[in-house]
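Participant:
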Amino acid sequence: MLEILWIALAYVLGSAPWGLVIARTFCGIDPRESGSRNTGATNVARLCGFGWGVATLLCDVLKGAVPVWLAFRINASPVFVSMVALACVLGHVFSCFMKFRGGKAVATSIGIFLPLAFWQLLASSLLCMLVIWRSGFVSLGSLTLVTALPVALAVSGQWGWLPLSLAVWAVVVWKHRENIVRLRSGTEKSWLKSKNKGAAAGNAAQGDDTQNMNPQDAGRKDG
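Mapping to numbering that gives the first Met the number 0: the sequence shown position 67 is 66, numbers consecutive.
This is the structure:
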């Protein structure tokens, strides 16, 4: 009975829409109506700034890590722990607080494996960050992470968590289906291009301000 209640609680905890709460409370923005229309950390970072994106990421990771860590201490059975972990992920994707809509579950997926397969997760996360750094596509990095993780688990002999990793892979890939289409067509938004575009806009605005100065003001600025 305790196990069933914990699985249900894990779903509710996973449903907590931290991206929506943070963006609305501190930025006055509904991330479901702006940017990529997603409550995940990437969209919150685009709309509210890097710091709030990191805060969202941490909250989404913790809502996966904490229930799984506690579940492991209630009953270390891989079947039970995997059900709790999957409940967290499905709660994030089908949030009961957002009419059963939600995010793409990458951060929460990281959270559930944090107490279960730390080193395999670390290796997959490093590969994810490398892909994002080289390509500029967060979606491609996320897909790389969930694809590399089952491989890392299999190579290291962690068979108990392999079914869970494959289920998470299926959920995350399904949630990224539109991103996959855009990646294949070359229309996916690049994080690097967005940053460079913002910097270019700032430089252009600074140039316009300089051109609009009268000669005396320009001389004082140069001095």
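Where a beta carbon is used, it is the ideal one built from N, C-alpha and C, also for glycine.
Whole angstroms is fine: what's the gap from Gly135's alpha carbon to Leu1's?
Facilitator: As a working mapping, residue 135 is identified with position 136 in the sequence shown. As a working mapping, residue 1 is identified with position 2 in the sequence shown. Roughly 44 Å between the two C-alpha positions.
Participant: If the criterion is Cβ atoms closer than 8 Å, does the pair Met82 and Ile6 meet it?
Facilitator: For the purposes of this step, residue 82 is taken as the residue at position 83 of the sequence shown. For the purposes of this step, residue 6 is taken as the residue at position 7 of the sequence shown. Yes, the Cβ-Cβ distance between Met82 and Ile6 is below 8 Å.
Participant: Identify the continuous alpha helix (DSSP H) that holds Thr146 and give its terminal residues.
Facilitator: Numbered from its first residue, the sequence shown carries residue 146 at position 147. Note, Thr146: alpha helix (DSSP H), 137-154.
Participant: Output the distance between the C-alpha atoms of Gly34 and Arg45, rounded to the nearest integer angstrom.
Facilitator: On the sequence shown, residue 34 is found 35 positions in, with the first residue counted as 1. On the sequence shown, residue 45 is found 46 positions in, with the first residue counted as 1. Cα-Cα distance, rounded: 7 Å.
Participant: Does the distance from the C-beta atom of Leu142 to that of His91 stay below 8 Å?
Facilitator: For the purposes of this step, residue 142 is identified with residue 143 of the sequence shown, where counting begins at 1. For the purposes of this step, residue 91 is identified with residue 92 of the sequence shown, where counting begins at 1. Against a cut-off of 8 Å, the Cβ pair of His91 and Leu142 comes out as no contact.
Participant: Going along the chain, which residues of its own chain have a beta-carbon closer than 7 Å to the beta-carbon of Leu120, five neighbours each way excluded?
Facilitator: Here residue 120 is taken as the residue at index 121 of the sequence shown, counted from 1. Within the same chain, Leu120 has close Cβ partners Ile109, Phe112, Leu113, Leu148.
Participant: Which term fits Gly48, buried or exposed, when burial requires 16 or more other beta carbons within 10 angstroms of its beta carbon?
Facilitator: Within the sequence shown, residue 48 is the residue found at index 49, counting from 1. Its Cβ having fewer than 16 others within 10 Å, Gly48 is exposed.
Participant: If you check the beta carbons only, do Cys87 and Lys103 fall under 8 Å apart?
Facilitator: Taking the first residue of the sequence shown as position 1, residue 87 is located at position 88. Taking the first residue of the sequence shown as position 1, residue 103 is located at position 104. The answer is no: Cβ separation not under 8 Å.
Participant: List the endpoints of the continuous alpha helix (DSSP H) containing Met82.
Facilitator: Taking the first residue of the sequence shown as position 1, residue 82 is located at position 83. Element bounds for Met82: 77-92.
Participant: How would you call Gly52, buried or exposed, if buried means at least 16 neighbouring beta carbons within 10 angstroms?
Facilitator: What you label residue 52 is simply residue 53 of the sequence shown in a count that begins at 1. Gly52 should be labelled buried.
Participant: Can you give the Cα-Cα distance for Cys172 and Thr38, rounded to whole angstroms?
Facilitator: For the purposes of this step, residue 172 is taken as residue 173 along the sequence shown, with counting starting at 1. For the purposes of this step, residue 38 is taken as residue 39 along the sequence shown, with counting starting at 1. The residue you asked about is not Cys; residue 172 is Val in the sequence shown. The alpha-carbon atoms of Val172 and Thr38 are separated by roughly 17 Å.
Participant: With a threshold of 16 other CB atoms inside 10 Å of the CB of Ser76, please say whether the residue is buried or exposed.
Facilitator: Within the sequence shown, the letter at position 77 stands for residue 76. That one is exposed.
Participant: Could you check the C-alpha separation between Leu85 and Leu125 for me, to the nearest Å?
Facilitator: By 1-based counting over the sequence shown, the position of residue 85 is 86. By 1-based counting over the sequence shown, the position of residue 125 is 126. So the two alpha carbons sit approximately 23 Å from each other.
Participant: Which residues in the same chain as Ser189 place their Cβ atom closer than 8 Å to its Cβ, once the five residues preceding and following it in sequence are excluded?
Facilitator: Within the sequence shown, the letter at position 190 stands for residue 189. Closer than 8 Å at the Cβ level, and outside the excluded window around Ser189, lie Ser134, Gly135, Phe136.
Participant: Can you name, in chain order, every residue of its own chain whose Cβ lies under 6 Å from the Cβ of Ala15, other than the five neighbours on each side?
Facilitator: Residue 15 sits at position 16 when you count from the first residue of the sequence shown. Hits under 6 Å: Lys62.
Participant: Is the beta carbon of Val67 sitting closer than 8 Å to the one on Val78?
Facilitator: If you number the sequence shown from 1, residue 67 lands on position 68. If you number the sequence shown from 1, residue 78 lands on position 79. Not a contact, by the Cβ cut-off of 8 Å.
Participant: Please classify Arg232: does DSSP put it in a helix, a strand, or coil?
Facilitator: In the structure displayed, the chain extends from 0 to 222; residue 232 sits before or after that span and is not available.
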